[in-house]
Amino acid sequence: MEKLIGQTRLVLTQGDITQADTEAIVNAANSRLVGGGGVDGAIHRAGGPEIMAECRKIGSCPTGEAVITTAGRLKAKKVIHTVGPIYRGRPEDPRLLASAYSNSMDLAAKHGLRTVAFPSLSTGAYGYPLDAAAKVALQALKQGIEKNSDKFDEVRFVLFGKDAFEAYAEALGRI
Ligand code: APR
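Residues in the sequence shown are numbered consecutively from 129, following my numbering.
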């Protein structure tokens, strides 16, 4: 499923983000950049130890911010590590989630990465309700594409499972 925003394709797919053939893959990291399960575990497992070596040098990443490292053995050129909020139902949750997406887009644009794959940030271990996260995510990406209008050919979501795909498809229809 996809939507054209300016010259950029916003695409929804299902699968394993470590297989994405985009120039940048976004990791759902934690603020200590120490790796974990879910997307984080999959990316470090598939990408190899070079990624963690660069994460160690960077040291940390505040929630809502993004940092960039090598992609190691992955097809991508770079991994952008961003930290979504741990969901607590606070007013700042959507703001922090949106800034994780927009800071990742800005970093990709700065590094000339024209195709980017995102996971559904914060909706796994961090407990963000899928429907609410999908609305925030797609709105943030639409704004990120419009802000960096000539910088991206494709921004792709790689969603794990039908429920996630349907939540994002619903939200895509509304932006
Ligand atoms: N490819 C694509 N999506 C995936 C994959 C994968 N290989 N593995 C999991 N997902 C999905 C999950 O189903 C969920 O919808 O990615 C979404 C985000 O889940 P998490 O990876 O748990 O990320 P998050 O909720 O942001 O929690 C981050 O978990 O792994 C730790 O170190 C990480 O502390 C951090 C926290």
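Positions of the beta carbon are idealized from the N, C-alpha and C atoms, including for glycine.
None of the values given here were measured: they were computed from a predicted structure.
Separation of residue j from residue i, as counted between CA atoms
i	j	result
D121	A295	Past the boundaries of the shown model lies residue 121; the chain is included only from 129 to 303, so the question cannot be answered.
E130	A181	36 angstroms
F280	E151	11 angstroms
G166	N276	29 angstroms
G255	K238	30 angstroms
K290	A297	10 angstroms
R223	K263	12 angstroms
L300	G176	33 angstroms
A174	R201	7 angstroms
Y215	T198	29 angstroms
G252	K206	23 angstroms
Residues near residue i by beta carbon distance below 8 angstroms, same chain, minus five either side
i	result
E220	P213
L161	C183, R184, I186, G187, S188, C189, V195, H209
I273	I133, G134, T136, L138, M233, F280, V283
L249	V154, A156, T210, G212, L225, A228, Y229, Y256, A261, A265
Residues that residue i bridges to, as DSSP identifies them
i	result
H172	Beta-bridge pairing links H172 to no other residue.
V286	T141
F246	F285
A152	K206, V244
A194	T210
E130	V139
Contact set for residue i: own chain, Cβ-Cβ below 6 angstroms, skip 5 residues either direction
i	result
V244	T150, A152, A236, V283
R218	none
F293	Q142, L287
Close Cβ partners of residue i (< 7 angstroms) along its chain, the five nearest in sequence each way excluded
i	result
G163	G169, H172, M180
P247	I145, V154, A156, V167, V286
A204	A148, T150, E151, A152, I153
L241	E151, A152, K205, K206
Is the stretch 152 to 166 close to the stretch 187 to 199, with three or more CB pairs under 8 angstroms? Inter-segment contact for the stretch 152 to 166 and the stretch 187 to 199 is present: three or more beta-carbon pairs are separated by less than 8 angstroms.
Given 8 angstroms as the limit, is there contact between the stretch 133 to 147 and the stretch 264 to 275, that is, 3 or more CB pairs closer than that? In short, these stretches touch, since the Cβ pair count reaches three.
Answer yes if the stretch 227 to 245 comes into contact with the stretch 191 to 210, meaning at least three C-beta pairs across the two stretches below 8 angstroms, and no otherwise. Segments in contact, yes.
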